[in-house]
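In the numbering used here, the protein residues as written are 9 to 439. Glycine included, C-beta positions come from ideal geometry on N, C-alpha and C. Source: prediction; values computed, not measured.
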């Protein structure tokens with residue numbers, strides 16, 4: 009079995025292993041670093057604000073710059089994966105990510121931080137993000153797409169749980185400069201070998217087919233989908249997809265969801281510290297939000313395969329809104345136990361987003377240009393994340409309170425529910 013994993017081309021139709029689940033594991037680890045590094049910005053943000061006299065809006069805009077870099081490069085990365093396969097894109101990206109993190113340890117000015125974190129690190133991290141593994145997993149799964157997507161993106165929460173407190177510990181023990189260097193070293197030690205040895209683009213690369221196994225445990229004899237249907241994106245060009253109404257409904261669904269999320273994700277640690285919660289506890293609360301989201305990413309993905317993407321997403325976002333409202337109540341009533349409600353409900357709501365982004369996009373447009381199309385979706389997500397990050401800091405600078413920003417978060421999360429129903433993946437999904 010180990011030999012088969014190290015040499016996946018040797019796997020044949022008689023093997024009991026479907027290599028798609030190995031791809032899911034690689035995606036889980038990679039997206040753990042992708043989102044864990046992003047989320048760890050919140051603790052570096054606190055450390056940098058303490059050392060330098062930067063205002064919150066300008067400092068938070070560094071992450072916005074990284075997200076804008078992601079926005080520009082996401083369609084490029086998706087298109088390159090469609091054309092050349094993932095390994096030629098992912099491995100150089102990992103090296104650039106590690107370099108950017110190490111160079112961040114030399115930062116002395118806000119301009120340097122914009123360049124090294126926002127551009128260099130931001131370019132590298134794009135290559136291990138959801139656009140990469142969505143483009144890959146869309147080829148490996150049909151019937152269990154929601155479950156596979158949910159497991160893969162559960163890495164986002166696990167990465168947050170691991171890297172946020174680890175980064176805070178590094179900062180507490182050795183300072184933020186050494187913390188950046190150690191994070192870069194972790195990237196090289198874990199991500200580079202995982203992707204170099206195990207990553208493959210399509211089931212055909214290892215002599216298998218999408219979904220791999222029949223209900224009786226034997227492999228499919230052909231690589232056509234089990235229903236004999238043409239896939240939604242097979243006969244569509246990128247131009248036709250980009251001009252279609254359901255593409256823009258998909259964009260709206262993801263765009264408004266991410267604005268609501270990033271208002272909270274970037275600023276919640278600082279908000280909790282402002283409410284009298286010590287830094288390590290605040291970082292740990294955020295880490296536990298990641299754990300809850302990981303569990304529910306798998307649950308929501310599994311549930312969406314059974315009751316539909318739209319209903320699942322709506323239930324999840326309701327939970328997320330309750331989590332944001334808990335932060336409002338925490339400041340209003342000065343009761344610390346609202347932080348526990350935030351941890352549970354926001355984690356549940358956060359958990360529904362990424363698996364639905366992946367599954368809905370693949371339901372609608374899985375085909376030869378899916379990497380490019382999902383890259384455009386991720387570009388919109390990058391703009392939304394940059395805006396959400398910046399606008400919360402701007403609102404605080406103007407009002408000296410995050411409450412208006414949290415109210416905005418609830419409104420845009422609710423708006424995203426309307427757009428997933430307009431996208432209507434239920435009409436295009438292969439059952």
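How would you write the range of the alpha helix (DSSP H) that residue i sits in, first residue to last?
i, result
"residue 147", "138 to 148"
"residue 337", "317 to 341"
"residue 361", "346 to 373"
"residue 212", "Residue 212 -> no alpha helix (DSSP H), and no H or E assigned at all."
"residue 90", "64 to 92"
"residue 431", "411 to 431"
"residue 34", "28 to 59"
"residue 376", "First-last for residue 376: undefined, no H or E at that position."
"residue 186", "184 to 194"
"residue 202", "200 to 206"
Helix, strand or coil, according to DSSP, for residue i in the structure here?
i, result
"residue 252", "coil"
"residue 275", "helix"
"residue 135", "coil"
"residue 120", "helix"
"residue 218", "coil"
"residue 436", "coil"
"residue 284", "coil"
"residue 113", "coil"
"residue 103", "helix"
"residue 247", "helix"
"residue 406", "helix"
"residue 296", "helix"
"residue 25", "coil"
Taking 7 Å as the limit between beta carbons, can you name the residues of its chain near residue i, skipping five residues before and five after?
i, result
"residue 141", "35, 38, 39 and 160"
"residue 430", "257"
"residue 435", "none"
"residue 154", "309, 310, 312, 313, 363 and 367"
"residue 185", "113"
"residue 63", "405"
"residue 293", "280, 347 and 351"
"residue 98", "135, 136, 140, 203 and 207"
"residue 267", "392, 395, 396 and 420"
"residue 122", "70 and 73"
"residue 104", "128, 131 and 132"
"residue 425", "321, 322 and 325"
Return the chain-ordered list of same chain residues with a C-beta closer than 6 Å to the C-beta of residue i, the five sequence neighbours on each side being excluded.
i, result
"residue 127", "77"
"residue 442", "Shown here, the chain extends from 9 to 439; a query on residue 442 therefore has no answer."
"residue 418", "329 and 332"
"residue 336", "411 and 414"
"residue 302", "162, 165 and 166"
"residue 106", "192, 195 and 196"
"residue 350", "331, 334 and 335"
"residue 11", "With a pLDDT of 41 at residue 11, under the threshold of 50, the modelled position of that residue is not reliable, and the figure given next carries that caveat. Excluding positions up to five away in sequence, the list is empty."
"residue 75", "390, 393 and 394"
"residue 111", "124"
"residue 48", "171, 172 and 175"
"residue 316", "434"
"residue 360", "308, 321 and 324"
Is any non-hydrogen atom of the ligand MG found closer than 6 Å to the C-beta of residue i, if you look at the structure I gave you?
i, result
"residue 402", "Because no ligand of any kind appears in the structure shown, any question about the ligand MG cannot be addressed here."
With a threshold of 8 Å on Cβ separation, who are the neighbours of residue i within its own chain once the five nearest residues in sequence on each side are excluded?
i, result
"residue 381", "86, 241, 246, 249, 250, 255, 369 and 373"
"residue 223", "For residue 223, the pLDDT reaches just 42, beneath the cut-off of 50, and the residue's location in the model is therefore unreliable, although a value from the coordinates is still provided. Around residue 223: no qualifying Cβ."
"residue 90", "143, 376, 377, 378, 379 and 380"
"residue 432", "254, 257 and 318"
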